[in-house]
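Structure first, commentary second.
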Amino acid sequence: MYLGIVQGTVVAERKATGLEGTKLLLVLPVDDKGAATGDVQVAVDTVQAGVGDLVYLVGSREAALALDPWFVPVDAAIVGIVDGVDTPGSLRP
Amino acid sequence: MRICKVLGPLWAAAKHPMYAGKKLLVVQPIDETGTPIGASYVAVDSVQAGTGDTVIVMTEGTGVRQILKLGDQVPIRSLVVGIVDAVEADAR
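Quick mapping for you: the protein sequence lines, in order, are chains B and W. The working numbering applies: residue 1 is where the first sequence begins, and numbers increase by one. The working numbering applies: residue 94 is where the second sequence begins, and numbers increase by one.
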């Protein structure tokens, strides 16, 4: 799992079967200091996150397992909203 | 698996139900000399690891599901599975 900052929402009216009703957010993957670790990506939200939230995500096949039904074409899912990180020099949510 | 250093705990009130009661840690992958390699990430703890510990982290979902025994629909990919006491490696 990895940290990310929600930067926006993605609206897609026509989606693959299984993705109906899912909320898609634009997320920048970051490390514990807030430095970007990759490019902005689209993730399915399971915890009602909002723009500006620090979240953690699960990637790859396990992202689909966060949804019900789980056999859906996603590779990143937001599974928690971070309230605090206690690491040296860490960012604040 | 990867050797990592535990940087510290992470709190989240709003989370996926499968993460209920799970302790989350921020871990930094390191090499055999302790030098950081790559970006830090988040892992679930299964061995009562603490800040500063050197640990073994598994980052493969099927193995995680076998260990946690919570069924087949567990969206967890990184799990701390051991606390490292010592690493011996030949000098390069």
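Ideal Cβ placement from N, Cα and C applies to all residues, glycine included.
Residue i, enclosing beta strand (DSSP E) - first and last residue
| i | result |
| --- | --- |
| V174 (chain W) | 172–176 |
| L117 (chain W) | 117–122 |
| G156 (chain W) | It is not in any beta strand (DSSP E) - G156 (chain W) instead sits in the alpha helix (DSSP H) that spans 154–161. |
| L65 (chain B) | From DSSP, L65 (chain B) is part of no beta strand (DSSP E) but of the alpha helix (DSSP H) over 61–65. |
| V72 (chain B) | Unbroken run through V72 (chain B): none, as it is neither H nor E. |
| G8 (chain B) | 2–10 |
| I130 (chain W) | Run containing I130 (chain W): none; DSSP gives neither H nor E here. |
| I169 (chain W) | First-last for I169 (chain W): undefined, no H or E at that position. |
| L28 (chain B) | 23–30 |
Minimum C-alpha distance to residue i - residue among the options
| i | options | result |
| --- | --- | --- |
| T22 (chain B) | B:S90, B:V47, B:L3 | B:V47 |
| S90 (chain B) | B:V6, B:M1, B:E20, B:L54 | B:L54 |
| V174 (chain W) | W:E153, W:A107, W:P110, W:P102 | W:E153 |
| G50 (chain B) | B:D39, B:G80, B:V85 | B:G80 |
| V6 (chain B) | B:A16, B:L24, B:D75, B:A66 | B:L24 |
| P110 (chain W) | B:Y2, B:V74, B:A66 | B:A66 |
| Y2 (chain B) | B:D32, B:A16, B:K15 | B:D32 |
| E181 (chain W) | W:G127, W:R170, W:M151 | W:G127 |
| V85 (chain B) | W:V119, W:S171, W:V167 | W:V119 |
| V72 (chain B) | B:L26, B:I78, B:T17 | B:T17 |
| M94 (chain W) | W:V157, W:L100, W:V167 | W:V157 |
Helix, strand or coil at residue i [DSSP, three-state]
| i | result |
| --- | --- |
| R95 (chain W) | strand |
| Q48 (chain B) | coil |
| A136 (chain W) | strand |
Residue i to residue j span [Cα, whole Å]
| i | j | result |
| --- | --- | --- |
| P29 (chain B) | S60 (chain B) | 14 Å |
| E125 (chain W) | L19 (chain B) | 43 Å |
| A105 (chain W) | V135 (chain W) | 12 Å |
| P88 (chain B) | K108 (chain W) | 24 Å |
| S133 (chain W) | E13 (chain B) | 35 Å |
| R69 (chain B) | A179 (chain W) | The residue asked about is misnamed: residue 69 (chain B) is Pro in this sequence, not Arg. About 43 Å. |
| P102 (chain W) | V42 (chain B) | 26 Å |
| A36 (chain B) | D165 (chain W) | 32 Å |
| V137 (chain W) | G143 (chain W) | 12 Å |
| L57 (chain B) | V82 (chain B) | 10 Å |
| G34 (chain B) | S139 (chain W) | 26 Å |
Start-to-end residues for the alpha helix (DSSP H) that takes in residue i
| i | result |
| --- | --- |
| A107 (chain W) | Note, A107 (chain W): premise wrong, no alpha helix (DSSP H); not H, not E. |
Subject >> Any 3 or more C-beta pairs closer than 8 Å across the segment 111–126 of chain W and the segment 145–165 of chain W >> reply: yes
Subject >> the segment 34–46 of chain B in contact with the segment 136–153 of chain W per 3-pair CB rule at 8 Å >> reply: At 8 Å Cβ cutoff, the stretches do not touch.
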